[in-house]
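Asks: Going by our numbering, the sequence shown runs without a break in its numbering and finishes at 611. Glycine included, every Cβ here is placed at the ideal spot set by N, Cα and C. Have a look at this one before I ask anything.
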Amino acid sequence: MFKKIILEKKADGVISISINIYNQKVVDFYKKNKFPIVFIEGKEKWGHRVTVDNIEGTYLATKYLLEKGKKRIGLVTGRIELIESQKDRLKGYKKALQEGGKEFNKNLFYQITSHEKEESNRILEYMQKQKVDAIMCAAGDWFATGIIKSAREKKIKIPDDIAIIGYDDLDFAGHFGLTTVKQPIIEMGQEAFKLIMEAIKNKNIEQRHIQLKPELIKRDSA
390 MFKKIILEKK ADGVISISIN IYNQKVVDFY KKNKFPIVFI EGKEKWGHRV TVDNIEGTYL
450 ATKYLLEKGK KRIGLVTGRI ELIESQKDRL KGYKKALQEG GKEFNKNLFY QITSHEKEES
510 NRILEYMQKQ KVDAIMCAAG DWFATGIIKS AREKKIKIPD DIAIIGYDDL DFAGHFGLTT
570 VKQPIIEMGQ EAFKLIMEAI KNKNIEQRHI QLKPELIKRD SA
């Protein structure tokens with residue numbers, strides 16, 4: 390697909406969102422043709438990039454939970470071997486724990502295996518068995534709100550029994566009173582657009598990496 394875009398001149402440049410290119414021949418082809426490409430997130434290092442500091446995101450959230458007196462903070466992520474942002478969010482969680490004088494406990498770390506609705510129930514059940522008093526759901530607000538729904542059905546008090554923090558600050562997060570890490574999505578798109586336009590005008594500009602900062606949005610769930 391990426392190669393076809395150049396050969397058939399379907400576009401003057403490409404903005405790629407969270408897509409990694411594993412075929413080295415395609416990478417070499419892009420470099421040789423100096424074709425303008427901007428990656429939003431993803432783990433590619435060879436093109437222009439716009440990312441968010443995912444380490445900072447979970448660091449801020451975990452630190453906040455520690456400041457609230459939480460002792461056993463569970464972490465939920467996507468598959469860290471597949472998604473670079475999730476790997477960074479694990480690093481941020483570990484960093485906050487270390488600064489707070491706590492060791493990383495692998496039993497408090499859960500990687501999602503499914504996007505079915507039942508997964509939120511499985512996450513909550515697992516974390517209850519681990520006797521957590523907080524969950525940092527770095528896998529996103531969709532799972533965080535699912536956990537809140539499951540907790541309400543089980544008469545678990547949020548945040549007294551278990552505090553919950555999500556990630557992204559999607560439109561529905563406020564409805565659930567979800568404390569979450571806000572991704573500057575609009576700014577990411579704006580920066581990517583400015584960068585691709587600049588790259589189209591001048592294919593010889595130096596490779597650039599723009600990294601934006603996340604923000605902790607405090608609501609009732611934590």
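Hey, would you say Ile-501 sits closer than 7 Å to Gly-467, going by beta carbons?
Replies: The residue you call residue 501 lines up with position 112 of the sequence shown. The residue you call residue 467 lines up with position 78 of the sequence shown. Yes; because the gap between Cβ atoms is below 7 Å, this pair is in contact.
Asks: Only counting runs of 3 or more residues, tell me where the beta strand (DSSP E) segments fall wholly within the segment 555–588, in order along the chain.
Replies: DSSP runs (the beta strand (DSSP E)) wholly in the segment 555–588: 568–571.
Asks: Out of Pro-603, Asn-494, Met-586, state which residue places its alpha-carbon closest to the alpha-carbon of Ile-574.
Replies: As a working note, residue 574 is residue 185 in the sequence shown. Taking only the C-alpha atoms, the option nearest Ile-574 is Pro-603.
Asks: Taking the alpha-carbon positions, what's the Gly-436 to Ile-469 distance?
Replies: Numbered from its first residue, the sequence shown carries residue 436 at position 47. Numbered from its first residue, the sequence shown carries residue 469 at position 80. Those two C-alpha atoms are separated by around 22 Å.
Asks: Classify Ser-503 as buried or exposed, calling it buried when 16 or more other Cβ atoms lie within 10 Å of its own Cβ.
Replies: Residue numbering aside, residue 503 sits at position 114 when the sequence shown is read from its first letter. Per the 10 Å Cβ criterion, exposed.
Asks: Per DSSP, which one or two residues make a beta bridge with Phe-424?
Replies: Translated into positions along the sequence shown, residue 424 becomes position 35. In the DSSP output, where bridge partners are listed per residue, Phe-424 has none listed.
Asks: Going by other Cβ atoms of all chains shown within 10 Å of its Cβ, with 16 needed for buried, is Phe-424 buried or exposed?
Replies: Taking the first residue of the sequence shown as position 1, residue 424 is located at position 35. The residue is buried, with at least 16 neighbouring Cβ atoms inside 10 Å.
Asks: In whole angstroms, give me the CA-to-CA distance for Cys-526 and Glu-507.
Replies: As a first step, residue 526 is located in the sequence shown; it is residue number 137 there, counting from the start. As a first step, residue 507 is located in the sequence shown; it is residue number 118 there, counting from the start. Going from the Cα of Cys-526 to the Cα of Glu-507 covers about 16 Å.
Asks: Following the continuous beta strand (DSSP E) through Thr-440, name the residue where it begins and the one where it ends.
Replies: To locate residue 440, count along the sequence shown from 1; it is residue 51. Looking at the DSSP string, the run of the beta strand (DSSP E) that includes Thr-440 is 437–441.
Asks: Quick check: the segment 514–531 against the segment 474–494, are at least 3 beta-carbon pairs closer than 8 Å?
Replies: Yes: the two stretches touch, three or more of their Cβ pairs being nearer than 8 Å.
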